[in-house]
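K.L.:
Same order as they appear, the protein sequences are chains A and B.
Quick note: the first sequence uses the numbering used here, first residue 22, plus one each step.
Quick note: the second sequence uses the numbering used here, first residue 22, plus one each step.
Don't be surprised by glycine CBs; every beta carbon is placed ideally from N, CA and C.
Number of protein chains: 2
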Amino acid sequence: MSIGIKDLAKELQLSVATISKALKDSHEISPETKERVLKLAKELNYTPNPYASSLRHRGSKTIAVVLPEVADSFFSMAINGIESVAQEKGYHVLVYLTHEQFEREISILKDFQNGRVDGVLLSISSTTCEYNHLHKLYEENMPLVFFDRVCEEINTAKVQTDDTQAGYVATKHLLEKGCKKIAFLSMNSNLSITKHRMQGYVDALKEAGLNDTQKLVVECDSNDEVSYAIIKRVLEGDRQIDGVIGSVEKLATMTYAVCDELLIKIPQQLKVIAFSNLQIAGLLNPSLTTITQPAFEIGKTAATLLFRALEKRNFDLKAEHISIPSLLFERKSTS
Amino acid sequence: MSIGIKDLAKELQLSVATISKALKDSHEISPETKERVLKLAKELNYTPNPYASSLRHRGSKTIAVVLPEVADSFFSMAINGIESVAQEKGYHVLVYLTHEQFEREISILKDFQNGRVDGVLLSISSTTCEYNHLHKLYEENMPLVFFDRVCEEINTAKVQTDDTQAGYVATKHLLEKGCKKIAFLSMNSNLSITKHRMQGYVDALKEAGLNDTQKLVVECDSNDEVSYAIIKRVLEGDRQIDGVIGSVEKLATMTYAVCDELLIKIPQQLKVIAFSNLQIAGLLNPSLTTITQPAFEIGKTAATLLFRALEKRNFDLKAEHISIPSLLFERKSTS
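(1) So with CB distances below 7 Å, who are the chain A contacts of E104(B)?
(2) List the whole-angstrom C-beta distance separating V106(B) from L143(B), where the pair is believed to meet the contact cut-off of C-beta under 8 Å.
(3) Beta carbon of S41(B), beta carbon of Q300(B): below 9 Å?
(4) For the pair the region 166 to 176 of chain A and the region 187 to 206 of chain A, tell me if three or more CB-CB distances fall below 8 Å.
(5) Among residues of its own chain, excluding the 5 on either side of A178(B), which ones have a beta-carbon nearer than 6 Å to its beta-carbon?
(6) Is the CB-CB distance between P89(A) and L115(A) below 9 Å?
(7) Hey, does L115(A) have any beta-carbon neighbour from chain B nearer than 9 Å?
(8) Going by other Cβ atoms of all chains shown within 10 Å of its Cβ, with 16 needed for buried, is P164(B) buried or exposed?
(9) Any beta carbon from chain B within less than 9 Å of Q220(A)'s own beta carbon?
(10) Under 9 Å, CB to CB, which of the residues in the region 155 to 185 of chain B have a partner in chain A?
(11) Of all the options H156(A), S344(A), L309(A), Q181(A), which has the alpha carbon lying nearest to the alpha carbon of L130(A)?
(12) Residues in the same chain with beta-carbon distance under 6 Å from K55(B), minus the five sequence neighbours each way, listed in chain order, please.
(13) I need the boundaries of the alpha helix (DSSP H) containing G320(B), first residue and last residue.
(14) If you compare alpha carbons, which of S47(B), I319(B), K286(B), L291(B) is closest to N298(B)?
(15) Return the CA-CA distance between Q235(A) and Q314(A), expressed in angstroms with no decimal places.
(16) List the DSSP bridge partners of A229(B).
(17) Taking the alpha-carbon positions, what's the Q122(B) to G267(A) distance?
(18) Excluding the five sequence neighbours on either side, which residues of its own chain have a C-beta within less than 6 Å of the C-beta of F96(A), listed in chain order?
(19) I266(A) lies in the beta strand (DSSP E); which residues open and close that run?
(20) Candidates T310(B), F328(B), E332(B): which alpha carbon is nearest R352(B)'s?
(21) According to DSSP, H342(A) sits in a beta bridge with which residue or residues?
(22) Assess contact between the region 213 to 224 of chain B and the region 183 to 195 of chain B, defined as three or more Cβ pairs (one per stretch) separated by less than 8 Å. Is contact present?
(23) Please report the Cβ distance between A14(A) and V138(A), rounded to the nearest whole angstrom; I am assuming they are in contact, meaning their Cβ atoms lie under 8 Å.
(24) Taking Cβ-Cβ distances shorter than 8 Å, what residues in chain A pair up with S97(B)?
(25) Counting C-beta neighbours from all protein chains within 10 Å, is the total for D259(A) 16 or more, i.e. buried, or is it exposed?
(26) Taking all protein chains shown into account, decide if E344(A) is buried (16 or more other Cβ within 10 angstroms of its Cβ) or exposed.
(27) Taking 9 Å as the CB-CB limit, is P307(B) close to chain A?
(28) For N135(A), go through chain B and note every residue whose CB falls closer than 9 Å to its CB, in chain order.
(29) Hey, K27(B) and V37(B) are a contact pair by Cβ (cut 8 Å); roughly how many whole angstroms apart?
(30) Since L304(B) meets chain A, which of its residues come closer than 8 Å, beta carbon to beta carbon?
(31) Please work out which residues of its chain come closer than 8 Å, Cβ to Cβ, to Y152(B), disregarding the five sequence neighbours upstream and downstream, and give them in chain order.
(32) Measuring CB to CB, does Y249(B) end up less than 9 Å from M208(B)?
(33) Per DSSP, which residues does V141(A) bridge with? Please list them.
(34) Give, in chain order, every residue of the region 240 to 254 of chain B whose Cβ lies closer than 9 Å to some Cβ of chain A.
(35) Mind pulling the chain B residues with CB within less than 7 Å of I100(A)?
(36) Quick one: give me the first and last residue of the alpha helix (DSSP H) that Y21(A) is part of.
As structure tokens, then:
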């Protein structure tokens, strides 16, 4: 006869719920308790019943995609990637937009009970500041894959690009083009992707032997007008700045508009590079050098992992951390 | 006692299904039969039971949005408009992409049985050449609202912009800027929106007293490379062409690339205007004059109508044909 959770609970004089949470590495359970549970589980040769916890979520043939925004070239291409797999598998796709609002993300995730969806693909909002709602979803055994904007403390599959490397490549490109003072335009700095991009920027500056006076991180705002004013003030106030990295596309196109107003010539006086998936970056005036994320591939890979977990009950999402490289497209804005 | 469908069927010696279809103006029923049914229904003062046919579709709290593409500025903004209403109403939104494929549209619509969705918002694919699948959905009493790309022969709510007027405004703008030979770059010419835009073009030329030798409709292709080659051949072959209307955004940005290759200067040698929702049209080189559709508003209005029909069982979707005006944004490409 095989050992079950109940046997572990009885032996350790803990509740079944506690054992279950401990086995899932829940943050609600202390490290000491987790260790006791795992030790006994190993001793008694406990193997989890892969059916027990997953059965209730099968059968809707529907997955949820939760993302900040759809009117954005990265996310709309990622949806295309997700949909291409879902359609092939005969699944339906519910799309939820958080509009970068933490509260909205919480309320959306609450609705995934009762078998409405079989699995979730999630890119977290920029204002998400704590992760209880994600822990909860995870502990309910909802198959969950993060794409692009991940929550690092949740132990499940993550599909990203290497943002540190991309930030490094962007900065090094500007340095090679002769820039001496590069501003990093940041937004949503609590997101891991922003932190990583900025880390790459810092690494490249350090490698080039530049000191802190040459480092300039400009924190922009979710409100476009506020961001515009911030960028304008920075470029007006310090004419030494000869390079700009837009950590998101919008900040680079805003920089174009600010330069237009201030009569700063791109690329002669200021070189601009942006993280962007804009298909027509080449048609901007001047054409925009971009670090382009593999948006379609990220969506497709995330969906593929999720369906693998839905189809094979032993498939371990936790083991999957996939990184797909971004690419530098050099155009006139940095020439 | 009130008169029911069964009474009508008995009296006319027809099946209940035939009566039901005739009352719904189904294309499967001959005009003669419809007339007989409607005549008797009127005589006997038959009023349809609004609950009978609609009840089975309530309760999923889910609507479906079927559209050609999401990586497109018009449709992604329209989804934002739809989602803004759905979220407020506590509804879930399934998104389906046809990728402009007729067969895919048919197969998507088949899946809406069995209460999966309460209602459908639909923008038809450019390759949809007959409408049985739409008639079927309509006859099953599925609340249905068309947005942007409508099927004119289905008698339900439609939310559009006035494309004939918009085509007229675009053409008149080029004429006023001095253009003598204007090419209309067409795509998906079986779509009603394309036909209307072209009609506006023809109307404006006629009004200006231009004859058929000045009319030039260029049929482009869904394949980008083919379209590029077509535009290139046309602009190379006829240097008299001094104005271009891109009936979709992509054809205008392609025209930019072709002009770059052929060293044709915009706007000096060729003026370009496009139907476009591109937010950064102003940053193109040169900035692009656009006819901009009210994408968010169209999505929002379509969703609002659908929810009205879901909430009030007597609400008549058939009566709703809403047109929201497009706007001309004049920029350097036509100066």
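P.N.:
Straight from the coordinates:
(1) Mapped onto the second sequence, residue 104(B) falls at position 83. The contacting residues are L118.
(2) For the purposes of this step, residue 106(B) is identified with residue 85 of the second sequence, where counting begins at 1. For the purposes of this step, residue 143(B) is identified with residue 122 of the second sequence, where counting begins at 1. That belief does not hold up - the Cβ atoms of V106(B) and L143(B) are roughly 16 Å apart, past 8 Å.
(3) Here the question's residue 41(B) lines up with position 20 in the second sequence. Here the question's residue 300(B) lines up with position 279 in the second sequence. No, the pair does not count as a contact, with Cβ atoms beyond the cut-off.
(4) no
(5) Taking the first residue of the second sequence as 1, we reach residue 178(B) at position 157. Counting only Cβ-Cβ distances below 6 Å, and skipping sequence neighbours, we find V166, L326, L338, E341.
(6) Residue mapping note: residue 89(A) aligns to position 68 of the first sequence, counting from 1. Residue mapping note: residue 115(A) aligns to position 94 of the first sequence, counting from 1. No, these two residues do not count as a Cβ contact at 9 Å.
(7) Here residue 115(A) is taken as the residue at index 94 of the first sequence, counted from 1. Yes, L115(A) lies at the interface with chain B (some Cβ there is under 9 Å from its Cβ).
(8) Mapped onto the second sequence, residue 164(B) falls at position 143. Under this definition P164(B) is a buried residue.
(9) As a position in the first sequence, residue 220(A) is number 199, starting the count at 1. Taking Cβ atoms only, chain B never reaches closer than 9 Å to Q220(A), which makes this a no.
(10) none
(11) Counting from 1 along the first sequence, the entry for residue 130(A) is found at position 109. Minimum Cα distance to L130(A) is reached at H156(A).
(12) In the second sequence, residue 55(B) corresponds to position 34, counting from 1. Counting only Cβ-Cβ distances below 6 Å, and skipping sequence neighbours, we find A43.
(13) Taking the second sequence and counting its residues from 1, one reaches residue 320(B) at position 299. Residues 316 to 332.
(14) The residue given as residue 298(B) occupies position 277 in the second sequence. The candidate whose alpha carbon is nearest that of N298(B) is I319(B).
(15) Within the first sequence, residue 235(A) is the residue found at index 214, counting from 1. Within the first sequence, residue 314(A) is the residue found at index 293, counting from 1. If I take the Cα positions, the gap works out to 27 Å.
(16) The residue given as residue 229(B) occupies position 208 in the second sequence. Looking at the DSSP assignment, A229(B) forms no beta bridge with any residue, so it has no partner.
(17) As a working note, residue 122(B) is residue 101 in the second sequence. As a working note, residue 267(A) is residue 246 in the first sequence. Going by the C-alpha atoms only, they are around 37 Å apart.
(18) Looking up residue 96(A) in the first sequence gives position 75. Excluding positions up to five away in sequence, the list reads L88, E90.
(19) As a working note, residue 266(A) is residue 245 in the first sequence. Here the beta strand (DSSP E) through I266(A) covers 264 to 267.
(20) On the second sequence, position 331 is the one that residue 352(B) refers to. Among T310(B), F328(B), E332(B), the Cα nearest to that of R352(B) belongs to T310(B).
(21) Here the question's residue 342(A) lines up with position 321 in the first sequence. H342(A) pairs with K179(A).
(22) yes
(23) Residue 14(A) lies beyond the residue range present for chain A, which begins at 22 and ends at 356; the question has no answer from this structure.
(24) If you number the second sequence from 1, residue 97(B) lands on position 76. Near S97(B) (Cβ distances below 8 Å), the residues of chain A are V91, A92, D93, S97.
(25) Working through the first sequence from its first residue, we reach residue 259(A) at position 238. With fewer than 16 other Cβ atoms within 10 Å, it is exposed.
(26) Counting from one through the first sequence, the residue named residue 344(A) turns up at place 323. Looking at the sequence provided, one finds Ser at residue 344(A) rather than Glu. Label assigned to S344(A): exposed.
(27) As a working mapping, residue 307(B) is identified with position 286 in the second sequence. Yes, its Cβ sits closer than 9 Å to a Cβ of chain A.
(28) Indexing the first sequence from 1 puts residue 135(A) at position 114. None at all; the shortest Cβ gap to chain B is about 11 Å.
(29) Along the second sequence, read from residue 1 onward, the residue named residue 27(B) stands at position 6. Along the second sequence, read from residue 1 onward, the residue named residue 37(B) stands at position 16. Their Cβ separation, rounded to whole angstroms, is 6 Å, which keeps K27(B) and V37(B) in contact under 8 Å.
(30) Indexing the second sequence from 1 puts residue 304(B) at position 283. Residues of chain A passing the Cβ test: T274, Y277, A278, L305, N306.
(31) In the second sequence, counting from the first residue as 1, residue 152(B) sits at position 131. For Y152(B), where only same-chain residues beyond five positions count, the Cβ hits under 8 Å are C172, E174, I175.
(32) Looking up residue 249(B) in the second sequence gives position 228. Looking up residue 208(B) in the second sequence gives position 187. No, these two residues do not count as a Cβ contact at 9 Å.
(33) Position 120 of the first sequence, counting from 1, holds the residue named residue 141(A). Paired residue(s): A85(A), L165(A).
(34) none
(35) Translated into positions along the first sequence, residue 100(A) becomes position 79. Chain B residues near I100(A): V91.
(36) In this structure chain A extends from 22 to 356, so residue 21(A) is not present and cannot be described.
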